[in-house]
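Peer 1: Counting from 4, one number per residue, gives the positions in the sequence shown under this note's numbering.
The C-beta atom is built at its ideal place from N, Cα and C for all residues, glycine as well.
Fair warning: this is a prediction, and the values are worked out from it, not measured in the lab.
Structure incoming, see below.
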Amino acid sequence: MNDTTKNKDLVKGYLAAINARDIDTLVSLCREDVKNHAAIPEAQGTNGVRTIFGKIWKAMPDHEVACEDLIAEGDRVMARIRMSGTQTGPLEFVRSPLPATGRAVSTEQIHVFRIENGKIAEHWAGHDHLGMLRQLGHNLFATNGGK
């Protein structure tokens with residue numbers, strides 16, 4: 004098996020661990036100092052992975068990802084995924100917490116992973132956060148308390 008295939012299998016395992024709510028496997032696939040370019044400075048490393056997914060799963064217990072495309076070259080793997088879930092709990096963002104709405108969301112995301120020595124070393128992501136928040140019924144730009 005070549006490195007490109009191994010790297011794709013690593014990302015497939017990462018996505019499977021997300022859907023299985025298996026935080027220990029998820030963390031084991033990352034370097035301890037994994038750099039998440041899509042997260043705030045306080046959410047870096049494997050402790051950040053634990054924090055981020057703990058918050059996601061609390062807000063959306065039915066959260067899942069479906070891999071639409073997986074492309075690899077060298078030490079990079081790109082995954083186009085569809086994320087879906089129902090926000091039955093609060094989104095506990097550090098800078099803008101949002102209450103539960105009970106609404107469902109389905110949105111596409113692009114994730115790029117850099118693999119080093121069989122572990123995820125870096126992660127970049129493109130999310131449609133505005134579309135997600137609209138689907139969930141959050142209006143961050145409203146002047147009347149979001150209603």
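In angstroms with no decimal places, state the Cα-to-Cα distance between L139 and D25.
Peer 2: Roughly 25 Å separates the two Cα atoms.
Peer 1: Should M63 be labelled buried (16 or more other beta-carbon atoms within 10 Å of its own) or exposed?
Peer 2: Burial call: buried.
Peer 1: Pop quiz: N22 and V97 are said to be a contact at Cβ under 8 Å. What is the actual Cβ separation, rounded to whole angstroms?
Peer 2: Actually they are not in contact, since the Cβ atoms of N22 and V97 sit about 25 Å apart, beyond 8 Å.
Peer 1: Mapping DSSP to helix, strand and coil, what is S109?
Peer 2: Strand, per DSSP.
Peer 1: Can you look up H66 in the DSSP assignment and give me helix, strand or coil?
Peer 2: In this structure, H66 counts as coil in the three-state DSSP scheme.
Peer 1: What are the boundary residues of the alpha helix (DSSP H) that R137 is part of?
Peer 2: R137 -> alpha helix (DSSP H) spans H132 to L139.
Peer 1: On a CA-only basis, which of A107, T7 and H141 is nearest L73? Give me that one, please.
Peer 2: Considering only alpha carbons, the answer is T7.
Peer 1: In whole angstroms, what separates the C-alpha of E119 from that of Q47?
Peer 2: Between E119 and Q47, the C-alpha separation is close to 17 Å.
Peer 1: What residue range does the beta strand (DSSP E) around A82 cover?
Peer 2: From DSSP, the beta strand (DSSP E) with A82 extends over R79 to T89.
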